[in-house]
Every structure is written in structure tokens, then in C-alpha cells.
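These protein sequence lines are chains A and B, in that order. The letter at position 11 of the first sequence is residue 11 when you use the working numbering, and the numbering goes up by one with no holes. Here the working numbering = 1-based position in the second sequence + 235. Worksheet: the structure to be examined is printed underneath.
Protein chains: 2
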Amino acid sequence: MTEQQRKAPYDLPDVSGLSIGILGGTGDQGKGLARRFALAGHRVTIGSRKAERAQAAADDLTGGQDGGLPVSGAENPAAAGGSDVVIVAVPWEGHKATLESLRAELAGKIVVDCVNPLGFEKGKGAFALPVEEGSAAEQAAAVLPGSRVIAAFHHVSAKLLLDPDVDGMELDVLVLGDDREATDLVQALAGRIPGMRGVYGGRLHNAHQIEALTANLISINRRYKAHAGLRVTDV
Amino acid sequence: MTEQQRKAPYDLPDVSGLSIGILGGTGDQGKGLARRFALAGHRVTIGSRKAERAQAAADDLTGGQDGGLPVSGAENPAAAGGSDVVIVAVPWEGHKATLESLRAELAGKIVVDCVNPLGFEKGKGAFALPVEEGSAAEQAAAVLPGSRVIAAFHHVSAKLLLDPDVDGMELDVLVLGDDREATDLVQALAGRIPGMRGVYGGRLHNAHQIEALTANLISINRRYKAHAGLRVTDV
């Protein structure tokens, strides 16, 4: 057991200097996370297939009251290769192909997958799609054997992340992975956003239900007209 | 849309007079729920394959400081047929066969399934088992077409339920089902246990991940030496 593993579970590293790349940062979820991490002082690079789209999303965020935020845009390979930690927020449809194309740039890095493979049907609502590897996060781990893949940030509301009137988010981020140093680091990153807390949530083979749970949160939001989040009690 | 469906989601029925049968009430989870519902004033019948085992579990609960609790024991068919609401807390291995054998007694009733189909492996910990019907709750619904099957109480700690020093439970019970009157009723039942709140959690086709999430809670408990529960924020 390494020194890191002997540490108490609440003793998390200082991650304040880390830069963050966000693949799929032009979507609401990625853009929202980009905004919150930049507000917390992290240098953020929004990645997209096209540099202009990435730059436009970055310009959106640095306009208005958020002027001066440390956000820039780049093509996905540059966003991945030039950042300490890379968040995957691409649509599920493009998940596997995007990651396969970035294997070299993502090697050795902590890759945080927050993709929820969900389908929607009228009258049925949201439901989990079957994933051959078990979950989006396990697919990422299979495609990126040289990266340290972590699953996190599945349940954060893109709407709240982007809302300029919302100062803090009232939820715990479940962080899953097989590498404790990496889960600790991502838990610490979650804690950089006011109101959020990173809580260890299990190993990657239990990621499916965390992704799928987003379908339940969508139902809850609909029933209660809410932006539901989860808190873990007794932790 | 019926009158019931137009109600606000927080407007739950009075369930104080309902009697509760618990199949598998001799296990820790069922016994713990029996204890808490009896403490809340419900007449509870613990069911088991053998009447003597059911009676022994009931005697356990009514001994000591809980003397006088309205708990009795009976064979499963009597526990099912003689109660207003029936909770299924049997081991996953016997789930399908037990329910098939009680189809007549459970017809027309609200059946609350709280079974978590989990496996355990050394070095891997807990993980969700595949279920042909999608989840234990959907299996119950398939086996019991004449009952109103609801999924709930998956994440309550049997240890805390049985602990005489624990007055309240700090968690929300996610209640899933396709029949709003029945989910409302089970939400109200959850609210009878101090500290618990019943929150609508989606339709039955999204029950799998709620059952499977118990594996993550086991990992969380292990990491933090806790009895973790979930709270839903903004609801």
C-alpha cells in the first residue's frame, strides 16, 4: 500500500494549479463545467472538432459579466494534449470515435468521463442505453489503456452551471475509478466549485448505474419542477 | 387525468392506518423495516416460509425495549394476504419463485420490492447482477400482473434500522413505479419513519440503476467507514 492509499479519505490534494481541457466543451454540460472551473481560477481549454466552434464557445463564456475568465478554445487534440486533466463531455454518439482519435494526446493523463448514454422515448421518458463495455466510462478505459480514466460529474445540471444567478451548486459529485490517487484528485477538483463536494463512489465496474441514474434525475426534475442533485449522508 | 394525478407532488395521502406484510421479514433488511414501521404504529406481519421462523423474528422485535410493538409472524401466504401493503425483502435467489407462489394472495395489492440483485467477489467488491427482466422490480411486475408493483427502500441500512440507539434515518427513499397513486402511497409510508422522506424516483423501467446503486453505497461505506444514505436536493 502506497503512502497515498494510507491517507484518510477526506485528505485530498491541492489541485488549484491544474489546467483543464474539456472535450465537447461546446455543449451545455461541457461549457457549464468550463465556466465553473474558470471561475475557480483554473485555465480551461474548450475542445471541439473545429477550432472556430471552440473559440466561439470560449468567447461566449468570456463575454459579459464573466469577462476575463481564463478560457480559450482549440481543436480537440490541442485541448487534450495541452491540459493537465481532460474532461470528456462529448455526445454519447461520438464518444468512442473521439476518444480513439485522441489516444496519443490522452496517454498518461487523468481523463474524466461525464457522459451519460441515455435514450429518450415519448411516453417513456429517459432510459439507459446498453453499452457493450458496461458504461461510457468503461468504454473510455477500454479505448484508452494508457490513460487514468475516472467517472464523475454525471448529475450536475448544465442549466445551473451556466446560470449567472447561481453562485453555488447543492450536490455531491460521485467520483468513480480504480486509481485512488486519480479519484482523490478529481474529488478535489469537484470541490473547487462552490457547493460541490467530490465523494468517492466506487470502482469503474460500478459506473453504469451512476450514468443511468441521470434518467431518474430527469424524472425527478420533471415531477417536482426542480434541478435535483444528490447528497451523500453520513460522509 | 384523475384527481390524484393533478395533485401537487408533495401532497401525499394519510397512510397511518395501513397494515404491512414483509416477505423475507426474518432477514436483517425486512426485520429492520418491520421494526421501524411497527414503531410508527403500523400493524406488521413478518412473513417466512416457516411460521416458527417468522414468529421467532417477531418475538425478537417485541422483546426488550421494543416490548409491545404490533409485530406478529406468519407463513408467507398469510402475511401477504392479510396485509394492506406487502414489502418484498427476500434474498434475490428466491425472489422469482417466492412471488410466483404468492400470485393469488398479492393480487390487487401494492407490492413494494426492495430487493437488490448483487454479487460479491473478492478484490472486486459488490456489483450488480444481470436480471433478465431488467431489475428485480420489473421481474416482480412480470410475475405479478395483477399487483401494483413499486420499487423502494433499496438504500436503507439494515444495521441502522435495527439499532436501538438510532432514532432517525438520514435519507430519502427513492420510490419508483408506473402508478402514481401507488407511488404516492409508498412515499407517504417512507415518511412514517423518522428522518426518512419518500421521493418519486421515476418509472419502473428505471429501477435497475437504483437497485445497482446499492453496490456503490457499499463501496462508499467501506471507504468512509459510514452508513451512507442519499438525499435529493432541490426537492
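Note that beta-carbon positions come from the ideal geometry of N, C-alpha and C, so glycine has one too.
{"query": "Thinking C-beta only, is Arg432 (chain B) closer than 8 angstroms to Asp407 (chain B)?", "result": "yes"}
{"query": "Classify Phe37 (chain A) as helix, strand or coil using the three-state DSSP reduction.", "result": "helix"}
{"query": "Can you pull the DSSP bridge partners for Ser370 (chain B)?", "result": "BP columns for Ser370 (chain B) are empty, so no partner."}
{"query": "Figure out for me which residue from A:Gly229, A:Phe153, A:Arg203 has the closest Cα to the Cα of Ala188 (chain A).", "result": "A:Phe153"}
{"query": "Is there a C-beta anywhere in chain B that falls below 8 angstroms from the one on Ala57 (chain A)?", "result": "no"}
{"query": "Tell me whether the beta-carbon of Ala89 (chain A) lies closer than 8 angstroms to the beta-carbon of Gly73 (chain A).", "result": "no"}
{"query": "Should Gly21 (chain A) and Ala79 (chain A) be called a contact, given that it needs their Cβ atoms to be closer than 8 angstroms?", "result": "yes"}
{"query": "Is Ser454 (chain B) close to chain A? Criterion is C-beta to C-beta, closer than 8 angstroms.", "result": "yes"}
{"query": "Using the three-state DSSP reduction, which class does Glu236 (chain A) fall into: helix, strand or coil?", "result": "Absent from the model: residue 236 (chain A). The displayed extent of chain A is 1 to 235, so no value can be given."}
{"query": "Please state whether DSSP places Gln4 (chain A) in a helix, a strand or coil.", "result": "Per-residue confidence for Gln4 (chain A) stands at a pLDDT of 48, beneath the threshold of 50, marking its modelled position as unreliable; no derived number is given."}
{"query": "Comparing alpha-carbon positions, which option in B:Gly436, B:Asn451, B:Lys357 lies nearest Ala199 (chain A)?", "result": "Inspection of the sequence shows that residue 199 (chain A) is occupied by Val rather than by Ala. Considering only alpha carbons, the answer is B:Asn451."}
{"query": "Can you give the beta carbon distance from Val401 (chain B) to Leu395 (chain B), rounded, assuming they're within the 8 angstroms contact cut?", "result": "5 angstroms"}
{"query": "Under DSSP, the alpha helix (DSSP H) around Ile420 (chain B) begins and ends at which residues?", "result": "Correcting the residue identity first, residue 420 (chain B) is Leu in this sequence and not Ile. It spans 415 to 425 - the alpha helix (DSSP H) in which Leu420 (chain B) sits, taken as one unbroken run."}
{"query": "Mapping DSSP to helix, strand and coil, what is Arg466 (chain B)?", "result": "strand"}
{"query": "Which bits of chain A does Thr468 (chain B) rub up against, with CB to CB less than 8 angstroms?", "result": "Glu170, Leu171, Ala228, Gly229, Leu230, Arg231"}
{"query": "Please identify the residue among A:Ala140, A:Ser83, A:Gly82 whose C-alpha is closest to the C-alpha of Ala97 (chain A).", "result": "A:Ala140"}
{"query": "Per DSSP, what kind of secondary structure is Leu271 (chain A) in: helix, strand or coil?", "result": "With chain A represented from 1 up to 235, any question about residue 271 (chain A) goes unanswered, as that position is not in the structure."}
{"query": "What number of angstroms, rounded off, separates the C-alpha of Val143 (chain A) from the C-alpha of Val306 (chain B)?", "result": "55 angstroms"}
{"query": "Does Ala104 (chain A) come out as helix, strand or coil in the three-state DSSP assignment?", "result": "helix"}
{"query": "Tell me the residue span of the alpha helix (DSSP H) that contains Leu61 (chain A).", "result": "51 to 62"}
{"query": "Ala152 (chain A) touches chain B at which residues, Cβ-Cβ below 8 angstroms?", "result": "Per Cβ cutoff of 8 angstroms: no residues; Ala152 (chain A) is ~13 angstroms from chain B at best."}
{"query": "Is there a Cβ from chain C that is less than 8 angstroms from the Cβ of His440 (chain B)?", "result": "This model lacks chain C altogether, as its protein chains are A and B."}
{"query": "Would you mind sorting Phe120 (chain A) into buried or exposed? The rule is 16 or more other CB atoms within 10 Å of its CB.", "result": "exposed"}
{"query": "Listed in chain order, which residues of the region 184 to 206 of chain A have Cβ atoms closer than 8 angstroms to some Cβ of chain B?", "result": "Val199, Tyr200, Gly201, Gly202, Arg203, His205, Asn206"}
{"query": "Assign Asp113 (chain A) to one of two classes, buried (16 or more other C-beta atoms within 10 Å of its C-beta) or exposed (fewer than that).", "result": "buried"}
{"query": "Could you check the C-alpha separation between Ser454 (chain B) and Gly360 (chain B) for me, to the nearest Å?", "result": "7 angstroms"}
{"query": "If you count every other CB in all the chains shown that lies within 10 Å of the CB of Gln4 (chain A), and 16 or more means buried, which is it?", "result": "Annotation note: pLDDT 48 at Gln4 (chain A) (below 50); position unreliable, coordinate value reported separately. Result: exposed."}
{"query": "Please confirm if Gly360 (chain B) has its CB atom under 8 angstroms from at least one CB of chain A.", "result": "yes"}
{"query": "At which residues does the beta strand (DSSP E) containing Ala363 (chain B) begin and terminate?", "result": "360 to 363"}
{"query": "Are there 16 or more other CB atoms within 10 angstroms of the CB of Met1 (chain A), so buried, or fewer, so exposed?", "result": "Per-residue confidence for Met1 (chain A) stands at a pLDDT of 46, beneath the threshold of 50, marking its modelled position as unreliable; no derived number is given."}
{"query": "On the DSSP letters alone, give me the boundaries of the alpha helix (DSSP H) that Gly81 (chain A) sits inside.", "result": "76 to 81"}
{"query": "Output, in chain order, the set of chain A residues within a Cβ distance shorter than 9 angstroms of Asn311 (chain B).", "result": "Ordered by position in chain A, no residue passes the 9 angstroms Cβ test against Asn311 (chain B), which lies about 30 angstroms from the chain."}
{"query": "Give the DSSP-derived three-state secondary structure of Tyr224 (chain A) in the structure shown.", "result": "helix"}
{"query": "What are the residues that DSSP puts in a beta bridge with Val384 (chain B)?", "result": "B:Val346"}
{"query": "Considering Cα atoms alone, identify which of A:Asn221, A:Glu211, A:Gly191, A:His208 is closest to Gly437 (chain B).", "result": "A:Asn221"}
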